[in-house]
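One structure below.
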Amino acid sequence: MAVHLIASEGRIVVAGGLDQITIKDGVKAVVKFSGIEPNLPELFKARGESVLVIVANHQQHTASMDEIQGESDQRVMDLGHEYDPNSSGKGMHDTEINSDENNTIDTKAVAIAHTPLNADLQQAYNDGYQAASEGRSQADCPVMAGELCIEWVKGWKKWHEKNGYTSLDSAAA
Numbered sequence: 112m113a114v115h116l117i118a119s120e121g122r123i124v125v126a127g128g129l130d131q132i133t134i135k136d137g138v139k140a141v142v143k144f145s146g147i148e149p150n151l152p153e154l155f156k157a158r159g160e161s162v163l164v165i166v167a168n169h170q171q172h173t174a175s176m177d178e179i180q181g182e183s184d185q186r187v188m189d190l191g192h193e194y195d196p197n198s199s200g201k202g203m204h205d206t207e208i209n210s211d212e213n214n215t216i217d218t219k220a221v222a223i224a225h226t227p228l229n230a231d232l233q234q235a236y237n238d239g240y241q242a243a244s245e246g247r248s249q250a251d252c253p254v255m256a257g258e259l260c261i262e263w264v265k266g267w268k269k270w271h272e273k274n275g276y277t278s279l280d281s282a283a284a
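Counting from 112, one number per residue, gives the positions in the sequence shown under the working numbering.
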């Protein structure tokens, strides 16, 4: 899966298997796709267009994987199942490695704060400015993260300042 993801380089990808290839006055290939491939509609739209076939061969990246040994207490990864969207994590079942209570590790959860990107902040500001220009009130600010809401209101207020409103309450009315 990682090899396919890397090989796609952000392109629209429809993964399939090469079923047949014929070399005679050119090359004809038959590729079979699953009916549930998420980007299949994009492939249908590409009829008559150029498409790019990428050979995502995992063997060149995983040739000596069988030589890698995990730690004795490491959980087994049944690759291919834990990423199956129809299996709810099948393959990642907990196995009791050692019931010795001395192997317990106490940890603390750490919350990671999400900081909006500058582009998101600028977009919120622009949206607030646009809302004010359409005559919408400050109460029309959509529900969003606090920093984005603040930027929306700043944009809303800036439009009112630029357009000569001295009291924002009378402008919103």
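Backbone N, C-alpha and C define an ideal beta-carbon position, used for all residues, glycine too.
Could you tell me how far apart the beta carbons of ASP231 and ALA242 are, in whole angstroms, since I believe they sit closer than 8 Å? Your numbering for residue 231 matches position 120 in the sequence shown. Your numbering for residue 242 matches position 131 in the sequence shown. The beta carbons of ASP231 and ALA242 sit about 16 Å from each other, so the pair does not count as a contact at 8 Å.
Determine the contact status of VAL142 and LEU151, defining contact as a CB-CB distance below 8 Å. Numbered from 1 along the sequence shown, position 31 holds the residue referred to as residue 142. Numbered from 1 along the sequence shown, position 40 holds the residue referred to as residue 151. With a cutoff of 8 Å on beta-carbon distance, VAL142 and LEU151 are scored as not near each other.
Count the other CB atoms, across all protein chains shown, that sit within 10 Å of the CB of ALA235; report buried if there are 16 or more and exposed otherwise. The sequence position of residue 235 within the sequence shown is 124, counting from 1. A residue is called buried when at least 16 other Cβ atoms come within 10 angstroms of its Cβ; ALA235 meets this threshold and is buried.
Roughly how many angstroms separate the alpha carbons of MET203 and MET176, rounded to a whole number? The residue you call residue 203 lines up with position 92 of the sequence shown. The residue you call residue 176 lines up with position 65 of the sequence shown. In this prediction, MET203 has a pLDDT of 47, which is less than 50 and means its spatial position is unreliable; what the coordinates show is noted afterwards. Roughly 19 Å between the two C-alpha positions.
Run through DSSP, which three-state label would GLY137 get? Counted from its first residue, the sequence shown places residue 137 at position 26. Reduced to three states, the DSSP call for GLY137 is coil.
Are PHE144 and VAL125 closer than 8 Å when you measure CB to CB? Taking the first residue of the sequence shown as 1, we reach residue 144 at position 33. Taking the first residue of the sequence shown as 1, we reach residue 125 at position 14. Yes, Cβ-Cβ distance for PHE144 and VAL125 is below 8 Å.
Once DSSP output is grouped into helix, strand and coil, what is the label at GLN233? One-based indexing of the sequence shown puts residue 233 at position 122. Helix.
Based on DSSP bridge pairs, tell me the residues matched to ILE132. Along the sequence shown, read from residue 1 onward, the residue named residue 132 stands at position 21. Answer by DSSP bridge pairing, in chain order: ALA140.
Quick one: is PRO253 near chain C, going by C-beta distance under 8 Å? No chain C is present in this structure, which holds just one protein chain.
Mind reading off the beta-carbon distance from LYS273 to GLY239? Whole number of angstroms is fine, and I expect it under 8 Å. Your numbering for residue 273 matches position 162 in the sequence shown. Your numbering for residue 239 matches position 128 in the sequence shown. The beta-carbon distance between LYS273 and GLY239, rounded to whole angstroms, is 13 Å. This is too long to meet the 8 Å contact definition.
Report the three-state DSSP secondary structure of GLY266 (helix, strand or coil). Along the sequence shown, one-based indexing puts residue 266 at 155. Note: GLY266 maps to helix in three-state DSSP.
Once DSSP output is grouped into helix, strand and coil, what is the label at GLY159? Numbered from 1 along the sequence shown, position 48 holds the residue referred to as residue 159. In the three-state scheme derived from DSSP, where H, G and I count as helix and E and B as strand, GLY159 is classed as coil.
How many Å lie between GLN180 and ALA174 at the Cα? Taking the sequence shown and counting its residues from 1, the one referred to as residue 180 is at position 69. Taking the sequence shown and counting its residues from 1, the one referred to as residue 174 is at position 63. Their Cα atoms are separated by approximately 14 Å.
I'd like to know whether the C-beta atoms of PRO227 and GLU178 end up nearer to each other than 8 Å. Along the sequence shown, read from residue 1 onward, the residue named residue 227 stands at position 116. Along the sequence shown, read from residue 1 onward, the residue named residue 178 stands at position 67. No.
Length of the line joining the Cα atoms of ARG158 and ILE132: As a position in the sequence shown, residue 158 is number 47, starting the count at 1. As a position in the sequence shown, residue 132 is number 21, starting the count at 1. A straight-line Cα-Cα distance of about 20 Å links ARG158 and ILE132.
In the structure shown, what three-state DSSP assignment does GLY127 receive? Your numbering for residue 127 matches position 16 in the sequence shown. Correct three-state label for GLY127: strand.
Nearest-angstrom Cα distance between ASP205 and GLY121? Within the sequence shown, residue 205 is the residue found at index 94, counting from 1. Within the sequence shown, residue 121 is the residue found at index 10, counting from 1. Confidence at ASP205 is low in this model, with a pLDDT of 47, below 50, so its placement is unreliable and the value that follows should be read with caution. Taking the straight line from one Cα to the other gives about 34 Å.
For GLU245, count the other beta carbons within 10 Å of its own beta carbon; 16 or more makes it buried, fewer makes it exposed. Which is it? Stepping through the sequence shown from its first residue, residue 245 is reached at position 134. Burial call: exposed.
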